[in-house]
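S.K.: Sharing a structure, written as structure tokens. Questions coming.
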Amino acid sequence: MYTQGTPWYKLCKNEIPENLWSTLCETLNAKKFYTDFHKERDAKFWIAMYKLWIKCKNMTKCDTQSECVELPINIPLEYITCIDTSENLIAVGTSRGVIYFYSITNLQVIDYIVDHMECVQSIKFLRDGTNIICVSCSINNHIYFWDVNTLNLINGTHGKLICTSYSYCYIAMRNRISSEGGIPRRVYEFDTDNILAVGANYDRVLFYTERGYFVNLSLEGDKNDCIYTRAKVPNMRVRQYHIFKPNVITCFGEYGYLGCLVQGQKWRFYNVFSTLYATPTAILVYGHILILGLDSGNVHIFYINDFEKIDFNNITSKKLCLDSSAVISLNIMVNAEEYYLIVGYSKRFYCVKFM
91 MYTQGTPWYK LCKNEIPENL WSTLCETLNA KKFYTDFHKE RDAKFWIAMY
141 KLWIKCKNMT KCDTQSECVE LPINIPLEYI TCIDTSENLI AVGTSRGVIY
191 FYSITNLQVI DYIVDHMECV QSIKFLRDGT NIICVSCSIN NHIYFWDVNT
241 LNLINGTHGK LICTSYSYCY IAMRNRISSE GGIPRRVYEF DTDNILAVGA
291 NYDRVLFYTE RGYFVNLSLE GDKNDCIYTR AKVPNMRVRQ YHIFKPNVIT
341 CFGEYGYLGC LVQGQKWRFY NVFSTLYATP TAILVYGHIL ILGLDSGNVH
391 IFYINDFEKI DFNNITSKKL CLDSSAVISL NIMVNAEEYY LIVGYSKRFY
441 CVKFM
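For the sequence shown, this note's numbering assigns the number 91 to the initial residue and increments by one for each residue that follows.
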């Protein structure tokens with residue numbers, strides 16, 4: 091039970107839905123869960139969390155400044171495939187297997203480089219105590235764990251999908267999901283069908299399967315604590331499923347449709363193409379913020395009260411015109427009370443600062 095804390099804690103408690111605290115906390119400090127800050131009565135943390143919440147609520151109204159970062163790509167066919175962020179760090183994976191590390195404080199200098207040796211399809215940061223670990227997954231299902239401080243390869247394994255949250259890392263392949271990293275390794279096999287998407291929320295892993303099961307699972311302790319629901323499978327071709335905590339699954343359907351499933355209840359599809367005149371290629375759900383990256387290169391930021399009742403015809407968005415190629419990734423990060431959206435394209439990425 092929470093005891094009487096700081097006035098800023100009370101403000102967060104009264105205004106911010108508690109199921110979003112983990113999302114905000116991980117952006118601010120990926121080493122400690124929000125309950126640890128409460129035990130310490132850390133007023134600075136609760137102030138930062140409240141400011142981030144207010145910034146997100148007003149993101150569609152903020153002025154912006156953007157900085158373009160060109161990667162040192164010398165091979166014509168090499169391109170950016172994925173980007174992840176954690177606190178002040180940005181990791182950029184490429185089709186050649188090279189992973190570049192940047193600090194938000196100096197984007198014109200590459201801090202570190204490691205080589206996966208294969209096309210990297212996804213990368214995630216993992217904070218294990220004082221260590222900063224980058225987890226990379228290739229198109230050949232090879233997964234490597236890199237120590238960002240020493241650039242040493244710590245470990246390697248196999249898997250198709252990866253996700254991280256704080257010190258937790260989960261790897262999925264076919265119908266099996268395993269925990270790696272700072273907790274004892276556990277393996278869970280889902281009897282019904284294969285896993286299509288995976289996400290993490292602190293010590294719980296979320297995944298979605300081919301037959302429409304949305305599973306919320308804990309692999310800690312002696313028993314597997316599993317909660318699941320089932321939704322009717324979409325009746326259209328679907329690509330790129332994504333899971334966002336606490337309970338939102340999205341996908342891209344054919345003809346520019348965006349699918350959204352909340353708490354595993356019912357898929358709802360929206361004709362984004364008819365509204366934005368482009369096809370979505372990247373998406374980020376962050377609290378009540380929905381950010382869509384398009385094949386036109388534009389980025390649209392929406393504030394959504396209820397993800398089960400989105401009406402794109404009657405809500406306005408903040409439009410960012412940064413590049414003319416398709417958007418491949420979207421990430422939010424905070425450093426020194428400054429708020430950024432990292433937008434990735436095939437040859438470069440943009441750091442958009444919200445004023």
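Ideal Cβ placement from N, Cα and C applies to all residues, glycine included.
(1) In the DSSP assignment, find the beta strand (DSSP E) that holds Pro97 and state where it starts and stops.
(2) Give the DSSP bridge partners of Leu179, in chain order.
(3) Kindly list the residues whose CB is nearer than 6 Å to the CB of Lys437, restricted to its own chain and excluding five residues on each side of it in sequence; keep chain order.
(4) With distances taken between CB atoms, is the gap from Val323 to Gly302 smaller than 8 Å?
(5) Can you name, in chain order, every residue of its own chain whose Cβ lies under 7 Å from the Cβ of Val199, other than the five neighbours on each side?
(6) Who are the Cβ neighbours of Leu110 in its own chain at under 6 Å, not counting the five residues just before and after it?
(7) Work out the CA separation of Lys100 and Asp281 for me, nearest whole Å.
(8) Mapping DSSP to helix, strand and coil, what is Met139?
(9) Enumerate in chain order the residues of its own chain whose CB-to-CB distance from Cys146 is below 6 Å, with the five nearest sequence positions on each side excluded.
(10) Could you give the distance in angstroms between the alpha-carbon of Pro97 and the alpha-carbon of Ile432?
(11) What residue range does the beta strand (DSSP E) around Phe363 cover?
(12) In three-state DSSP terms, what is Ala287?
(13) Could you compute how far the alpha carbon of Ile213 sits from the alpha carbon of Phe402?
(14) What does the alpha-carbon distance come out to for the pair Lys399 and Ile203?
(15) Any idea which residues DSSP pairs Pro370 with across the strands?
(16) For Leu366 and Gly343, I'd like the C-alpha separation in whole angstroms.
(17) Is it the case that the Cβ atoms of Phe392 and Leu351 are separated by a distance below 8 Å?
(18) Measuring CB to CB, does Phe215 end up less than 8 Å from Ala181?
(19) Around the C-beta of Ala287, are 16 or more other C-beta atoms found within 10 angstroms, so that it is buried, or is it exposed?
(20) Just how far apart, CA to CA, sit Ala321 and Cys341?
(21) Buried or exposed, going by whether 16 or more other CB atoms sit within 10 Å of the CB of Ala372?
(22) According to the Cβ coordinates, are Ile244 and Asp237 closer than 8 Å?
(23) What three-state label does DSSP hand Trp236 in the structure shown?
(24) Using a Cβ-Cβ cutoff of less than 7 Å, which residues in the same chain neighbour Tyr190 once the five nearest sequence positions on both sides are dropped?
(25) Which residue comes first and which comes last in the beta strand (DSSP E) that contains Ser212?
(26) Note down, in chain order, each residue of its chain lying with its Cβ closer than 7 Å to the Cβ of Asn337, except the 5 sequence neighbours on either side.
(27) Tell me where the alpha helix (DSSP H) around Thr117 begins and ends.
(28) So Trp357 and Gly346 are in contact, right, with Cβ under 8 Å, and what is the actual spacing, rounded?
(29) Can you tell me which residues form a DSSP beta bridge with Ile170?
(30) Within the chosen definition, does the stretch 409-416 reach the stretch 137-152 through at least 3 CB pairs nearer than 8 Å?
(31) Quick check: what's the CA-CA separation for Tyr192 versus Leu179?
M.R.: Judging by the given coordinates:
(1) On the sequence shown, residue 97 is found 7 positions in, with the first residue counted as 1. Note, Pro97: premise wrong, no beta strand (DSSP E); alpha helix (DSSP H) at 97-105.
(2) As a first step, residue 179 is located in the sequence shown; it is residue number 89 there, counting from the start. According to DSSP, which records beta bridges pairwise, Leu179 is partnered with Ser176, Ser193.
(3) Walking along the sequence shown from the start, residue 437 turns up at place 347. Here the set comprises nothing.
(4) On the sequence shown, residue 323 is found 233 positions in, with the first residue counted as 1. On the sequence shown, residue 302 is found 212 positions in, with the first residue counted as 1. Judged by beta-carbon spacing, Gly302 lies within the 8 Å limit of Val323, meaning their Cβ atoms are closer than that value.
(5) On the sequence shown, residue 199 is found 109 positions in, with the first residue counted as 1. For Val199, where only same-chain residues beyond five positions count, there are no Cβ hits under 7 Å.
(6) Taking the first residue of the sequence shown as position 1, residue 110 is located at position 20. Contacts found: Gly377.
(7) Numbered from its first residue, the sequence shown carries residue 281 at position 191. Numbered from its first residue, the sequence shown carries residue 100 at position 10. Between Asp281 and Lys100, the C-alpha separation is close to 43 Å.
(8) Looking up residue 139 in the sequence shown gives position 49. Three-state result, Met139: helix.
(9) As a first step, residue 146 is located in the sequence shown; it is residue number 56 there, counting from the start. Shown here for Cys146: same chain residues with a beta carbon closer than 6 Å to its own, the five before and five after excluded, namely Gly377, Ile379 in chain order.
(10) Residue numbering aside, residue 97 sits at position 7 when the sequence shown is read from its first letter. Residue numbering aside, residue 432 sits at position 342 when the sequence shown is read from its first letter. Taking the straight line from one Cα to the other gives about 32 Å.
(11) Taking the first residue of the sequence shown as 1, we reach residue 363 at position 273. Not the beta strand (DSSP E): Phe363 falls in the alpha helix (DSSP H), residues 362-366.
(12) Numbered from 1 along the sequence shown, position 197 holds the residue referred to as residue 287. Of the three classes helix, strand and coil, the one that applies to Ala287 here is strand, per DSSP.
(13) What you label residue 213 is simply residue 123 of the sequence shown in a count that begins at 1. What you label residue 402 is simply residue 312 of the sequence shown in a count that begins at 1. Roughly 31 Å between the two C-alpha positions.
(14) For the purposes of this step, residue 399 is taken as residue 309 along the sequence shown, with counting starting at 1. For the purposes of this step, residue 203 is taken as residue 113 along the sequence shown, with counting starting at 1. Near 43 Å, if we compare the C-alpha coordinates of Ile203 and Lys399.
(15) One-based indexing of the sequence shown puts residue 370 at position 280. Looking at the DSSP output, Pro370 shares a beta bridge with Leu384.
(16) As a working mapping, residue 366 is identified with position 276 in the sequence shown. As a working mapping, residue 343 is identified with position 253 in the sequence shown. Rounded to whole angstroms, Leu366 to Gly343 spans 15 Å at the Cα level.
(17) Your numbering for residue 392 matches position 302 in the sequence shown. Your numbering for residue 351 matches position 261 in the sequence shown. For the pair Phe392 and Leu351, the CB atoms are not nearer than the 8 Å cut-off.
(18) In the sequence shown, the residue the question calls residue 215 occupies position 125. In the sequence shown, the residue the question calls residue 181 occupies position 91. Yes, the Cβ-Cβ distance between Phe215 and Ala181 is below 8 Å.
(19) Indexing the sequence shown from 1 puts residue 287 at position 197. So Ala287 counts as buried.
(20) On the sequence shown, residue 321 is found 231 positions in, with the first residue counted as 1. On the sequence shown, residue 341 is found 251 positions in, with the first residue counted as 1. Using only the alpha carbons, I get a separation of about 14 Å.
(21) As a position in the sequence shown, residue 372 is number 282, starting the count at 1. It is buried - the Cβ of Ala372 has at least 16 other Cβ atoms within 10 Å.
(22) To locate residue 244, count along the sequence shown from 1; it is residue 154. To locate residue 237, count along the sequence shown from 1; it is residue 147. Yes, the pair counts as a contact, with Cβ atoms nearer than the cut-off.
(23) As a position in the sequence shown, residue 236 is number 146, starting the count at 1. Residue state, collapsed to three classes: strand.
(24) Here residue 190 corresponds to residue number 100 of the sequence shown, with the count starting at 1. Leu161, Val182, Ile200, Ile203.
(25) Taking the first residue of the sequence shown as position 1, residue 212 is located at position 122. Residues 210-218.
(26) For the purposes of this step, residue 337 is taken as the residue at position 247 of the sequence shown. Cβ within range, chain order: Val352, Gln353.
(27) Locating residue 117 in the sequence shown gives position 27, counting from the first residue. Counting along the chain, the alpha helix (DSSP H) containing Thr117 begins and ends at 111-118.
(28) Here residue 357 is taken as the residue at index 267 of the sequence shown, counted from 1. Here residue 346 is taken as the residue at index 256 of the sequence shown, counted from 1. Trp357 to Gly346, Cβ: 16 Å. No contact.
(29) Working through the sequence shown from its first residue, we reach residue 170 at position 80. DSSP output for Ile170 lists Thr184 as bridge partner(s).
(30) no
(31) Numbered from 1 along the sequence shown, position 102 holds the residue referred to as residue 192. Numbered from 1 along the sequence shown, position 89 holds the residue referred to as residue 179. C-alpha separation (whole angstroms): 6 Å.
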